[in-house]
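Read in order, the letters of the sequence shown are residues 1 to 951 in full-length UniProt numbering. Here a beta-carbon is modelled for each residue, glycine too, at the ideal position from N, C-alpha and C.
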Amino acid sequence: MASPPEAGFDPAVLASSSSGLPPDQTKNVSLEDQTLLLLAGLMEAGQEDEHTCKQLSALTKILNDEASEEARSKEPHRPLCQLIDADSVETILGFLDMRQALTVRGFATLTTSAYLKAAGDKGVEYLSQFFYSRVRKATYDDFILAFSVAASIFPVVPDITAELFLSEGFVPSLGSLMKRKWKSKKVEQAALEMLNAACMNTPCREAVKKYCTEWLEEIVNFVPPTHADVSSPEIHPVVDDGSIQQRTHSEPVRNLAAVVLAKLQAVSSPPNPGEEERIQPATTSMEELSNMFKNMLSSKGSQQSSIEGLAYASLQPKVKEKLATDPTFLKNLINALNDAPAKSPATYGALSILVNLTSYMPALSEEQKRISQLKAYANAAKDPTKPNPLSDDEHVSKRCQAVFDAGIIPVLKLEGGVVKPENRLKIPYKNQTSDLRLRSFLELSTNTTLEKERRRDWSRTKWGGATQGGRSDLGFPLAIVSQSDSDDLDARIVLTVSKYFHCYFEKFSNFEPELEIKMPGRVGARWPPWPQLLFHPKMLEKREDGEEYEKMILEEYGAEALKKSWVETCKELEKVTEDISINGTSVIPVLEFEEFFIASESKKEELKERGCFVVRGAVPKGEATKWYHDLKGYVADNKESVTGMPAETPFMFNVYHSPTQQAARSYPNSLKLQRGINQLWHDETNTTSPEPLSYADGFRIRPEKTEFNSLPPHIGSLSRWADPAYRYVYHKIWSGTPLEHDPYDLALRAPAKSGLFPGTSSKVLRAFQGWTALTEAGPGEGSLLLYPNVKLAIAYVLLRPFFDAPEKEEDAMDASKWTFNAERGWYPGTWKALPQIVSPKSHPHLRLEECLVSIPRMEVGDTVWWHADMIHGVDPEHNGTHDSSVLYIAAVPTTPDNVEYMKGQVADFTAGVPPEDFRKNGTDETKFKGYMGEAGILNGEKGRRAAGFEL
Numbered sequence: 001m002a003s004p005p006e007a008g009f010d011p012a013v014l015a016s017s018s019s020g021l022p023p024d025q026t027k028n029v030s031l032e033d034q035t036l037l038l039l040a041g042l043m044e045a046g047q048e049d050e051h052t053c054k055q056l057s058a059l060t061k062i063l064n065d066e067a068s069e070e071a072r073s074k075e076p077h078r079p080l081c082q083l084i085d086a087d088s089v090e091t092i093l094g095f096l097d098m099r100q101a102l103t104v105r106g107f108a109t110l111t112t113s114a115y116l117k118a119a120g121d122k123g124v125e126y127l128s129q130f131f132y133s134r135v136r137k138a139t140y141d142d143f144i145l146a147f148s149v150a151a152s153i154f155p156v157v158p159d160i161t162a163e164l165f166l167s168e169g170f171v172p173s174l175g176s177l178m179k180r181k182w183k184s185k186k187v188e189q190a191a192l193e194m195l196n197a198a199c200m201n202t203p204c205r206e207a208v209k210k211y212c213t214e215w216l217e218e219i220v221n222f223v224p225p226t227h228a229d230v231s232s233p234e235i236h237p238v239v240d241d242g243s244i245q246q247r248t249h250s251e252p253v254r255n256l257a258a259v260v261l262a263k264l265q266a267v268s269s270p271p272n273p274g275e276e277e278r279i280q281p282a283t284t285s286m287e288e289l290s291n292m293f294k295n296m297l298s299s300k301g302s303q304q305s306s307i308e309g310l311a312y313a314s315l316q317p318k319v320k321e322k323l324a325t326d327p328t329f330l331k332n333l334i335n336a337l338n339d340a341p342a343k344s345p346a347t348y349g350a351l352s353i354l355v356n357l358t359s360y361m362p363a364l365s366e367e368q369k370r371i372s373q374l375k376a377y378a379n380a381a382k383d384p385t386k387p388n389p390l391s392d393d394e395h396v397s398k399r400c401q402a403v404f405d406a407g408i409i410p411v412l413k414l415e416g417g418v419v420k421p422e423n424r425l426k427i428p429y430k431n432q433t434s435d436l437r438l439r440s441f442l443e444l445s446t447n448t449t450l451e452k453e454r455r456r457d458w459s460r461t462k463w464g465g466a467t468q469g470g471r472s473d474l475g476f477p478l479a480i481v482s483q484s485d486s487d488d489l490d491a492r493i494v495l496t497v498s499k500y501f502h503c504y505f506e507k508f509s510n511f512e513p514e515l516e517i518k519m520p521g522r523v524g525a526r527w528p529p530w531p532q533l534l535f536h537p538k539m540l541e542k543r544e545d546g547e548e549y550e551k552m553i554l555e556e557y558g559a560e561a562l563k564k565s566w567v568e569t570c571k572e573l574e575k576v577t578e579d580i581s582i583n584g585t586s587v588i589p590v591l592e593f594e595e596f597f598i599a600s601e602s603k604k605e606e607l608k609e610r611g612c613f614v615v616r617g618a619v620p621k622g623e624a625t626k627w628y629h630d631l632k633g634y635v636a637d638n639k640e641s642v643t644g645m646p647a648e649t650p651f652m653f654n655v656y657h658s659p660t661q662q663a664a665r666s667y668p669n670s671l672k673l674q675r676g677i678n679q680l681w682h683d684e685t686n687t688t689s690p691e692p693l694s695y696a697d698g699f700r701i702r703p704e705k706t707e708f709n710s711l712p713p714h715i716g717s718l719s720r721w722a723d724p725a726y727r728y729v730y731h732k733i734w735s736g737t738p739l740e741h742d743p744y745d746l747a748l749r750a751p752a753k754s755g756l757f758p759g760t761s762s763k764v765l766r767a768f769q770g771w772t773a774l775t776e777a778g779p780g781e782g783s784l785l786l787y788p789n790v791k792l793a794i795a796y797v798l799l800r801p802f803f804d805a806p807e808k809e810e811d812a813m814d815a816s817k818w819t820f821n822a823e824r825g826w827y828p829g830t831w832k833a834l835p836q837i838v839s840p841k842s843h844p845h846l847r848l849e850e851c852l853v854s855i856p857r858m859e860v861g862d863t864v865w866w867h868a869d870m871i872h873g874v875d876p877e878h879n880g881t882h883d884s885s886v887l888y889i890a891a892v893p894t895t896p897d898n899v900e901y902m903k904g905q906v907a908d909f910t911a912g913v914p915p916e917d918f919r920k921n922g923t924d925e926t927k928f929k930g931y932m933g934e935a936g937i938l939n940g941e942k943g944r945r946a947a948g949f950e951l
């Protein structure tokens with residue numbers, strides 16, 4: 001289930017939309033009336049999911065505030081949960097239906113949790129009535145809803161849900177229900193989701209094992225019929241509209257059934273005396289299930305089930321050994337971990353598998369050994385229980401080495417093998433998945449071998465200078481603990497992999513001092529052959545009137561204000577760079593397409609603070625894949641005329657008006673998303689609009705194994721200092737108060753002349769630049785590199801020309817030791833004919849080697865967006881196995897200057913001339929084979945207006 005964004009809606013405003021009253025009137029109504037209005041609104045049919053989510057969020061907030069002493073309203077009122085009667089509870093629970101959108105189910109889960117907490121026994125009574133009544137009705141729709149509710153609330157109220165699940169006759173009836181010849185596949189899926197959740201509770205798990213194993217194995221071992229089978233008279237056709245079908249099983253259903261079986265076998269529990277054995281013993285072994293999960297891992301659609309199943313299967317020694325001796329599987333697993341969002345079930349599951357593979361048996365004292373023997377004898381064992389030989393230190397050490405050789409260390413983003421003191425934590429998984437992801441193999445060690453390693457002198461080892469007293473600070477002791485909500489599945493994971501670290505440091509302890517480790521997700525210590533652009537006297541010959549710009553700023557704001565801003569900016573950058581260097585790519589927010597439009601205010605503030613984010617699923621995969629093939633065909637059909645970069649073998653094409661580009665820019669989801677992104681900016685003057693304009697830009701189809709060093713980290717041009725209106729955008733920075741700078745003030749930004757020097761920056765204000773992915777691409781595969789901070793990074797770049805570095809290199813990071821100098825007219829990394837480039841040597845406080853990070857892995861149809869003031873570049877290497885293709889589609893707001901440019905773009909388009917920003921590139925596309933002109937524009941008037949035809 002997807003987690004909804006944080007609640008941030010005003011219940012009064014939401015109540016107004018439900019009642020039809022103006023918001024100012026609803027603000028004055030009582031909390032009781034607000035609650036009733038929200039409930040009435042939820043009962044209305046046919047609402048948009050976005051509105052439903054807002055109403056559920058507002059109701060959740062009211063209930064949570066009611067339960068909090070601090071937030072509870074002081075006005076007299078009866079308990080608000082008493083306003084929620086049985087019909088209202090039924091409405092809320094209805095939004096947990098598996099057929100609802102994931103975001104709706106997420107918000108409904110939060111609302112249900114808040115209600116049950118507030119209502120106490122009455123809430124349990126209504127929940128029980130709902131569940132039992134649905135099961136008694138026994139229609140397919142009722143089964144789906146009852147099972148969906150149970151699956152959703154098991155983690156929220158496990159004891160209450162377990163009582164419903166274990167009610168007399170319920171579980172035994174499931175097997176017979178699912179064995180019907182005719183059935184609903186959705187009922188089957190809903191039932192399996194419920195069983196999967198029920199396995200977290202011991203009595204429920206035993207009931208599932210007793211009554212449902214035969215059914216589960218029938219699903220797992222089901223072989224889809226061949227074409228000949230389908231035409232056989234023994235196979236009955238699907239009836240009605242397909243909701244009720246013959247007993248065939250889809251791949252997702254088989255995968256889910258396999259996961260449930262794995263959970264049943266993962267933890268054995270002896271039957272209680274006198275208890276009836278389960279009806280059918282399991283015939284599918286854990287080894288067979290693990291093979292199935294391994295094969296599923298390579299499929300994106302089955303990956304989550306694969307990881308969840310293996311997290312349980314890998315508890316068994318035989319399975320551990322098979323997994324660890326399969327290099328292909330280990331690499332696939334590590335790739336899945338690298339691609340998974342920081343806070344996701346996939347991340348936790350993949351880490352759990354790796355922990356299972358690399359965990360050592362605990363070292364027992366003599367007394368503990370004796371107690372263990374006594375327990376074994378008490379259990380009537382013939383011999384004292386002996387540990388499985390596959391769990392001995394020798395086998396575990398080999399498994400650790402295999403995991404290491406598969407490339408796990410870079411994916412975990414360890415800071416050169418050093419655990420920083422602030423990261424020595426005990427953390428619960430459910431609150432700190434990202435920390436578990438980044439530090440999962442740093443743990444408490446009692447191993448004497450590692451203790452010796454810890455005491456060794458590491459003075460000759462180069463870990464980016466991260467040494468203390470000549471010895472590497474390995475940060476022991478450290479215990480990272482994961483405690484799930486399950487009771488005796490013992491999902492508590494104490495990471496004990498001391499010898500893993502032993503082999504890791506042994507492998508690198510004698511490397512040459514100049515060798516540096518490059519960490520994926522960052523550019524790393526091996527800075528590509530990009531220009532450093534350090535000062536040289538000859539550069540002053542290119543300064544033109546650069547001195548004049550500096551003097552204008554100095555005269556208006558004064559030296560003291562600039563010095564104050566410099567020191568404060570560098571000080572704040574210390575915190576920002578520390579955060580990025582530790583967390584890497586994971587700091588870049590990732591949202592689903594629908595999630596973006598219902599994001600809370602706090603979530604929007606996070607997006608604005610980072611200045612970049614990924615929106616997944618903006619374009620259906622099939623549509624985006626078609627665009628990719630159409631563009632390849634368009635280039636091939638016009639290869640004699642198409643130009644691009646690099647000139648000899650172009651893959652960044654100077655093509656701007658192909659039918660595919662026209663369709664993609666005007667695609668309904670694309671325009672909707674651009675408008676929403678433009679709304680992150682604000683304009684109190686009302687002289688601009690968030691309505692999007694379709695800026696014509698090119699596209700890229702970069703072949704695998706290509707190197708390309710022509711797009712180092714860059715950010716605009718000299719125009720920021722030269723143009724008076726552009727300079728004023730940053731007046732808070734020049735004035736000595738850089739933290740008050742607002743990067744989203746569109747009224748200030750709109751009149752700025754960003755293209756003052758042609759060829760160095762666009763004349764159009766792109767509120768956010770954007771890529772739309774037409775193929776998959778991850779770090780190191782020609783992807784985008786971003787510096788995920790806007791406010792401080794731009795402040796630093798703007799102030800840098802006014803300061804000279806100290807003579808001593810060791811003083812370089814001390815901002816107070818830099819010398820103020822506003823008389824050279826030198827702008828590190830830029831001049832009139834060159835875009836602003838940044839580098840580690842010219843802009844050291846940015847810590848670019850560590851903080852220029854790859855964006856998360858992009859799937860087909862995903863989009864990535866970054867602020868107009870964000871430092872960005874392109875990975876010089878493409879080590880992938882297929883083309884890396886993107887469309888350049890930005891979020892362009894309607895401003896007076898942008899409108900004028902768009903009018904010119906339409907004229908150029910009609911005349912077959914490249915757009916003004918690309919005048920020196922391209923050719924007359926009206927002569928291209930396949931050119932369609934205006935006919936390629938989608939989305940009716942909205943598309944034409946965005947393209948500039950209706951301005």
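Distances from the CA of Ser761 to each of Glu691, Leu834, His741 were compared; the closest alpha carbon is that of Leu834. Contact between the region 166-173 and the region 195-212 is established, with three or more Cβ pairs separated by less than 8 Å. For Pro529, the three-state secondary structure derived from DSSP is coil. Beta bridge pairing from DSSP links Tyr126 with no other residue. Note on geometry: alpha-carbon atoms of Ala402 and Ile62 lie some 52 Å from one another. Between Cys53 and the set Ile92, Ser299, Ala561, Tyr667, the nearest pair of CA atoms involves Ile92. Assignment of Gln769 by DSSP, reduced to helix, strand and coil, places it in the strand class. Within the same chain, Cβ atoms closer than 6 Å to the Cβ of Leu746 are found at Trp681, Asp683, Thr688, the five residues on either side in sequence being excluded. For Trp721, no beta strand (DSSP E) encloses it; the enclosing alpha helix (DSSP H) starts and ends at 719-722. Taking a contact as a CB-CB distance under 8 Å, the pair Ala599 and Ala767 does not count as one, their CB atoms being some 17 Å apart. Taken in chain order, the complete beta strand (DSSP E) segments of 3 residues or longer contained in the region 149-226 are 182-184. In the DSSP assignment, no residue is bridged to Trp627.
Arg616 sits in a strand when the DSSP states are folded into three classes.
In the structure shown, the three-state DSSP call for Asp742 is coil. Spatial neighbours of Lys732 in its own chain (CB-CB distance under 7 Å, excluding positions within 5 residues in sequence) are listed in chain order as Pro738, Glu740, His741.
Contact between the region 718-736 and the region 691-698 is not established, with fewer than three Cβ pairs separated by less than 8 Å. Under the three-pair Cβ rule at 8 Å, the region 867-887 does not count as touching the region 915-922. For Ala868, the three-state secondary structure derived from DSSP is coil. For Glu50, no beta strand (DSSP E) segment is defined; the enclosing uninterrupted segment is the alpha helix (DSSP H) at 49-67.
Around Ala162, the same chain offers Asn201, Cys204 as residues with beta carbons nearer than 6 Å, after the five sequence neighbours per side are excluded.
Of all C-beta pairs linking the region 795-814 to the region 830-849, three or more are shorter than 8 Å, placing the two stretches in contact. Here Met858 has Ala773, Ala777 as same chain residues with Cβ atoms under 6 Å from its own Cβ, once five neighbours each way along the sequence are excluded. Here the alpha carbons of Asp897 and Ala947 stand approximately 15 Å from one another.
DSSP places Thr894 outside any alpha helix (DSSP H); the residue lies instead in the beta strand (DSSP E), whose first and last residues are 892-894. With contacts defined by Cβ atoms closer than 7 Å, Ile855 and Ser783 form a contacting pair.
Look at His682 here: in three-state DSSP terms it is strand.
Distances from the alpha-carbon of Ile889 to those of Leu792, Tyr695, Gly120 put Tyr695 closest. The continuous beta strand (DSSP E) containing Arg702 extends over residues 699-702.
Per the DSSP secondary-structure output, Leu784 pairs in a beta bridge with Val874. Shown here for Ala663: same chain residues with a beta carbon closer than 7 Å to its own, the five before and five after excluded, namely Gly936, Leu938 in chain order. In terms of CA proximity to Thr881, Pro703 leads the group Ala146, Glu934, Pro703. By the Cβ-count criterion, Thr649 is exposed, with fewer than 16 other Cβ atoms from all chains shown falling within 10 Å of its own Cβ. Beta-carbon to beta-carbon, Ile588 and Pro713 are separated by about 15 Å, too far to satisfy the 8 Å threshold.
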